[in-house]
Every structure is written in structure tokens, then in C-alpha cells.
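*Asks:* Here the sequence shown stands for residues 2 to 132, where the numbers follow my numbering.
All residues carry an ideal CB built from backbone N, CA and C; glycine is no exception.
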Amino acid sequence: MNKSELSNIYRDYIACLNRRDWSALGRFVHEDVMHNGERLGLSGYRSMLERDFSDIPDLSFNIELLVSDPPYIASRLRFDCTPKGSFLGLNVDGRRVSFAENVFYEFRDKKIGQVWSVIDKAAIEAQLSPS
2 MNKSELSNIY RDYIACLNRR DWSALGRFVH EDVMHNGERL GLSGYRSMLE RDFSDIPDLS
62 FNIELLVSDP PYIASRLRFD CTPKGSFLGL NVDGRRVSFA ENVFYEFRDK KIGQVWSVID
122 KAAIEAQLSP S
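1) State the DSSP-derived secondary structure class of N92, mapped to helix, strand or coil.
2) Could you check what DSSP says for G1 in three-state terms: helix, strand or coil?
3) Can you give me the start and stop residues for the alpha helix (DSSP H) that M49 sits inside?
4) Taking C-beta to C-beta, are E107 and Y73 nearer than 7 Å?
5) Thinking V30 and Y11 are a contact (beta carbons under 8 Å), I'd like their distance in whole angstroms, please.
6) So for N37, helix, strand or coil by DSSP?
7) Below 8 Å on the Cβ atoms is my guess for F62 versus I15; work out the distance and round it to an integer in Å.
8) Let me check understanding here. Comparing Cα to Cα, which of D81, R109 and S48 lies closest to F100?
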């Protein structure tokens, strides 16, 4: 798999998430996927994403930066959304917040096998604190 092919697969994966096309998720995510060191498997990964979309109805994944170095992808995702209640232990309660997520993916068999993710919680905290 070359850089361009891997980037295209990743962009298709993000489009799948934004469509909430859970039936197609297995085309992009390995059956034994791990997230931040925890083995979730495809069903657990899907549950995590479904919960995210339930907690944040207007959730949309926007690629801000993408670097492909097969079998790895590094991506900075941008979010501008309104979580319903608590998010990352913060009482957001329907307020609009903008933040980034830095994510590294390792692909196996043209599917995401491992995900390492860090969300910029400090950016959210700064938006929620009284000025």
C-alpha cells in the first residue's frame, strides 16, 4: 500500500464516520482493533463511536492535517460541536466547543488495527471557563 492509497482509505473511513454508516465500518476497521492500548474489537469500536454520536449529535470529523507513512497515518482532526452533557469529565451541557484530536493509526490488511488518540481537553476547558 502506498501513501496515496492509504490516505484515500483513511479519507473514506472519515466519510463513513460522518455518514454514520456503521454497517460499512468493518471495511475500514480490523476485527481486533485496539484503541489507546485497549483491545476493543470491531464491535467495541463501533459502540464507542455510536456513543460519541449519541452524546454529540452534531459530531463531524474534519481532517485538518494528514500525514501518510504506510502502514501509519497521523491525523489532526478538528471538531466544532455541542456535546449534550458531560464530555471528558467537563460539564459542557449543550455549549458549542471547538477542539482538536491528534490521532495515529496503524493499518493491517488495509484496515485500522491500532489507534492512539489524544484530545485537546485544555482547549475545551479554556472555552468553558468564565472570562
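*Replies:* Short version:
1) Here DSSP, grouped into helix, strand and coil, assigns N92 to strand.
2) Lying outside 2 to 132, the shown extent of the chain, residue 1 is not represented and no answer is given.
3) Unbroken alpha helix (DSSP H) run through M49: G42 to D56.
4) Their beta carbons are under 7 Å apart, which means E107 touches Y73 by this criterion.
5) 12 Å between Cβ atoms; not a contact.
6) Three-state DSSP puts N37 in coil, outside helix and strand.
7) 5 Å
8) For F100, the nearest C-alpha among the options comes from D81.
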